[in-house]
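Undergrad: I have a structure here, written as structure tokens, and I will follow up with some questions on it.
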Amino acid sequence: MRMTETLPHPDSHERQSLNWPRIVGISFVIALHVAALMLLLMPVAPPGTQAEEEEVTLVNFIKPPPPPPPPPPPPPEPPKQIVLKPQTVPKPSPLPPPPEEPPVVFDEPSPVDVAAPPPAPPAPPAAPQGPARDPNDLRASVCVMPPQGPLASAVGRARITGSMRLQLTYTADGSVTDVSVAQSSRDRNVDRAAQSWARRIKMCPGQPGSGILPLELKQ
Numbered sequence: 001m002r003m004t005e006t007l008p009h010p011d012s013h014e015r016q017s018l019n020w021p022r023i024v025g026i027s028f029v030i031a032l033h034v035a036a037l038m039l040l041l042m043p044v045a046p047p048g049t050q051a052e053e054e055e056v057t058l059v060n061f062i063k064p065p066p067p068p069p070p071p072p073p074p075p076p077e078p079p080k081q082i083v084l085k086p087q088t089v090p091k092p093s094p095l096p097p098p099p100e101e102p103p104v105v106f107d108e109p110s111p112v113d114v115a116a117p118p119p120a121p122p123a124p125p126a127a128p129q130g131p132a133r134d135p136n137d138l139r140a141s142v143c144v145m146p147p148q149g150p151l152a153s154a155v156g157r158a159r160i161t162g163s164m165r166l167q168l169t170y171t172a173d174g175s176v177t178d179v180s181v182a183q184s185s186r187d188r189n190v191d192r193a194a195q196s197w198a199r200r201i202k203m204c205p206g207q208p209g210s211g212i213l214p215l216e217l218k219q
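Per full-length UniProt numbering: the sequence shown = residues 1 to 219.
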């Protein structure tokens, strides 16, 4: 006798229990929850960042006002006059009279008395002499004096007073060939202006030579 075992087979009811639309719906709900959870876990930008990005500062540059016009230049000063310093010569003192000679006295008496000679008369006073003149002073030897405009302007700009001395060398026809400063005016520009002015001086014709020309500076 052959025995056979009957195995259970799924029936049609169990086959119809797998509902695919239901499985798809459940999967969709699960995916939706996972997406919502990921959105909740994403980092949130700080509020200050958005405020800083939205804040815009507008800067307007204001043009500065135009500078005021410069003040007008001061009027030029009138040219200064330069006066030649007069040469002062000390007066000569009169010569003292010579001392009187004492009378001669003889110790031994002589048979004839000889009268002592009269005292010598005092020497006549020396004739007055004229003022001594410095042979190196050229003021009396200048025949043509050039205009003093540039030199006076330099003295006015320097605002100095006093005196200075120039050493001049000239030829026989009176032309000045060299000028140097013997005594400075304490201002370099005035010294240069004085040298330039002195080169145009015309000495009186005669012998060539050199000498000193004193100048008095006044404002």
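Glycine included, C-beta positions come from ideal geometry on N, C-alpha and C.
Here the structure is a predicted model, which means the values were calculated and not measured.
(1) For a quick check, are the C-beta atoms of Pro-214 and Arg-165 less than 8 Å apart?
(2) When you compare each of Ser-196, Pro-67, Val-142, Arg-157 to Pro-76 by their alpha carbons, which one comes out closest?
(3) Alpha carbon to alpha carbon, how far is Thr-171 from Ser-163?
(4) Please confirm if the region 137-148 is in contact with the region 181-196, defined as three or more CB-CB distances below 8 Å between the two stretches.
(5) Closest to Ala-198 by CA distance: which of Pro-65, Val-24, Ala-152 is it?
(6) When the Cα atoms are used, what is the spatial distance from Leu-217 to Thr-169?
(7) From Ser-141, Pro-96, Trp-20, Ala-31, pick the residue whose C-alpha is nearest to that of residue 227; which is it?
(8) Give the list of continuous beta strand (DSSP E) stretches no shorter than 3 residues that lie fully inside the UniProt domain "TonB C-terminal" (136-219).
(9) Since Ile-201 and Ser-185 should fall inside the 8 Å C-beta cutoff, what is the C-beta to C-beta distance between them, to a whole number of angstroms?
TA: If we stick to the structure as given:
(1) Going by C-beta atoms, Pro-214 is nearer than 8 Å to Arg-165.
(2) In terms of Cα proximity to Pro-76, the closest of Ser-196, Pro-67, Val-142, Arg-157 is Arg-157.
(3) Thr-171 and Ser-163 have their C-alpha atoms some 26 Å from each other.
(4) Touching, no.
(5) Nearest option by C-alpha distance: Ala-152.
(6) Spanning the two alpha carbons is a distance of roughly 22 Å.
(7) Only positions 1 to 219 of the chain appear in the structure, and residue 227 is not among them; the question remains open.
(8) 142-144, 162-170, 176-183, 209-217, all fully within the UniProt domain "TonB C-terminal" (136-219).
(9) Contact between Ile-201 and Ser-185 fails: their C-beta atoms lie close to 17 Å from each other, not under 8 Å.
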